Every structure is written in structure tokens, then in C-alpha cells.
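One rule links them: number in the numbering used here = place in the sequence shown (from 1) + 14.
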Amino acid sequence: MSNELLNALNLLKSKKWVDLTHSFDQDSPRFFMFEAAKFQTLFDYKDGFFAQQFTFPGQYGTHIDAPCHFVQGKRYLHELELKELVLPLIVIDQSQRAKQDPNFAFSREDVLDFEKQHGQIEAGTFVALRTDWSHRWPSQEAMDNKDTEGNNQIPGWGMDALTFLFEERGIKAIGHETFDTDSAQDFRRNNALQGEYYVLEQDTYQIELMTNLDKLPTRGAVIFNLVAKPNNASGFPVRSFAILP
């Protein structure tokens, strides 16, 4: 191994690393159309070794959505390139707003307001929407945040913000702390997850149910999204983490 590569590794290890991933089990919050995970012990130490079988949807816990999750003909999970999974990270903090208005959709104007304060969002970045929704984990009730009529109240990305970020700013991928890209209100209004479809239509990925975004700087960190490589998968639980500058 070259000195240059070793020096880069030593530099990375000297920095602070932040786990962006929830641990999960059969009791963890999940999308309403999915069944709970099942963990089964196949062999115990009395058999000479400990082995388990896991049953869960690909979109479970902190997970990656591959482009084909919504868009037929787009790439499967195993077709994503390794270098796509490691990107400069920008965190947009909307946590106070989420406390006051859990139904908001982050807009193009919100992006421009962010840029006035923090500078233009660079191309090729991973942009994460911080709402501190992850603080509600591991309560399904708190994550759903239903109103008196039984409707979820959950914030999300607005379509105008997503089109601006991908088409005008040239970002690579997004992430958020909620179950879906779209706000729950937009999902009900459109009867579809239009924002999620749009993101995956760009033939890129997104990370959902992230955590610890409140421990990251606005910019300067790098995100790593480590994931298993099942063939022809639409998504899978991911181990995402960030290295701080």
C-alpha cells in the first residue's frame, strides 16, 4: 500500500465518525404496508455455532432505495457504483420548523434561503434534510404522528425543491429521517409519492430513516453508504455514516 493511501486512511481515522443508521428489529417503526421483521435462530451455541435467519422488506430500518424501487428499467441496487455511495454531504436543518409545522414540504424557495446563508449547494453532493424526526424512533406512533382524523403528519421534500436541486444544482442523491421522500400531506393530496418517483427517475438512490443528522455540520462532512449486494434488489438496509471535517 502506498504511503499516500496510508496517509489518507490515517487522516480519515483521526476524524470524528458519526453513525447515521438506526439499529432495527421486529419492533422497529416501519412503512404501513410492510409486516414486521422476523429474526429466527437457526443454530445456537449448543449446536457449535450461532446462526440466524432474517426476514424483512428491503425498505426496512435505515435503508437505501435503488432507482428501480419506483421506476421500471432503472438500475438495481447491485448496479450502483461504489464511488456513488461515497459523497460530499450537505445537511439542511429544518428541525425547528418540523416542530412547529410537521406537515411542511421543503420548497425551492427554502433551498434559496438556505443558500443565502450557507452558500450555493455544489454539484455531486448528497443533500440530507434534517427534521430531527429520528428523535421519535423507536416509537411507531411518534413516527406516524397521526392527527385526530388518523392522518399522518410528517414533513418531506417538495417537488419544486427536488427538481431545482437535481436539475439546477446537479446534486447526486438525497436522504431524510422520515419514511418517505414526500410529506404525508402531499402523499394524500397526490395519491402518489411523486417526489420519491422523481428522485429515483434520475437513476440515483436515496437513504431513508437516517439518524444523527443533528450531530453533523452543514457542510464539509463525507457520507459513506455501505450496503449488501443482493442481485436485482430494489433496496436494502444500509449502514450509513459520516466522517466530519
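Yeah, the Cβ is synthetic: ideal placement off N, Cα and C, and Gly gets one too.
Since the structure is predicted, the reported quantities are computational estimates derived from the model, not experimental observations.
* Report the three-state DSSP secondary structure of Thr177 (helix, strand or coil). => When DSSP states are grouped into helix, strand and coil, Thr177 belongs to the helix group.
* The beta strand (DSSP E) with Ala65 in it runs from where to where? -> First-last of the beta strand (DSSP E) with Ala65: Ala65 to Thr69.
* Asked: If you draw a straight line from the C-alpha of Asp146 to the C-alpha of Leu223, how long is it?
  -> About 11 Å.
* Within the region 143-221, ranges of the beta strand (DSSP E) (whole runs, at least 3 residues) -> Fully enclosed beta strand (DSSP E) runs of 3 or longer: 187-190.
* Through-space distance from Phe53 to Phe64, alpha-carbon basis -> Distance between the alpha carbons of Phe64 and Phe53 is about 13 Å.
* For Ala235, which residues from the same chain have a beta carbon less than 7 Å from its beta carbon, with the 5 sequence-adjacent residues on both sides left out? -> For Ala235, where only same-chain residues beyond five positions count, the Cβ hits under 7 Å are Leu103, Ala256, Ile257, Leu258 and Pro259.
* Are Leu94 and Phe250 close, meaning C-beta to C-beta below 8 Å? -> No, they are not a contact pair.
* **Exposure label - Asp194; buried when at least 16 CB within 10 Å** => So Asp194 counts as buried.
* Report all residues from its chain with a CB closer than 7 Å to the CB of Asn159; omit the five preceding and five following residues, and keep chain order. => These residues qualify, in order along the chain: Pro116, Asn166, Gln167 and Ile168.
* Asked: Can the beta-carbon of Phe120 be found closer than 8 Å to that of Trp171?
  -> For the pair Phe120 and Trp171, the CB atoms are nearer than the 8 Å cut-off.
* Asked: Leaving out the 5 sequence neighbours to the left and right, which residues in its chain are closer than 7 Å to Phe201 when beta-carbon positions are compared?
  -> Exclusion of the five residues before and after Phe201 leaves Asp194 and Leu207 as the residues of its chain whose Cβ lies within less than 7 Å of its Cβ.
* To do: Would you kindly check if the distance between the Cβ of Glu191 and the Cβ of Ser148 is under 8 Å?
  => Yes.
* **Rounded straight-line distance, which links the Cα of Phe48 to that of Trp151** => Trp151 and Phe48: Cα-Cα distance of roughly 17 Å.
* In terms of residues, what are the limits of the alpha helix (DSSP H) holding Ala22? -> Going by DSSP, Ala22 is part of the alpha helix (DSSP H) stretching over Asn17 to Ser28.
* Asked: How about Val141 and Leu96: are their beta carbons less than 8 Å apart?
  -> Using a Cβ distance threshold of 8 Å, Val141 and Leu96 do not count as a contacting pair.
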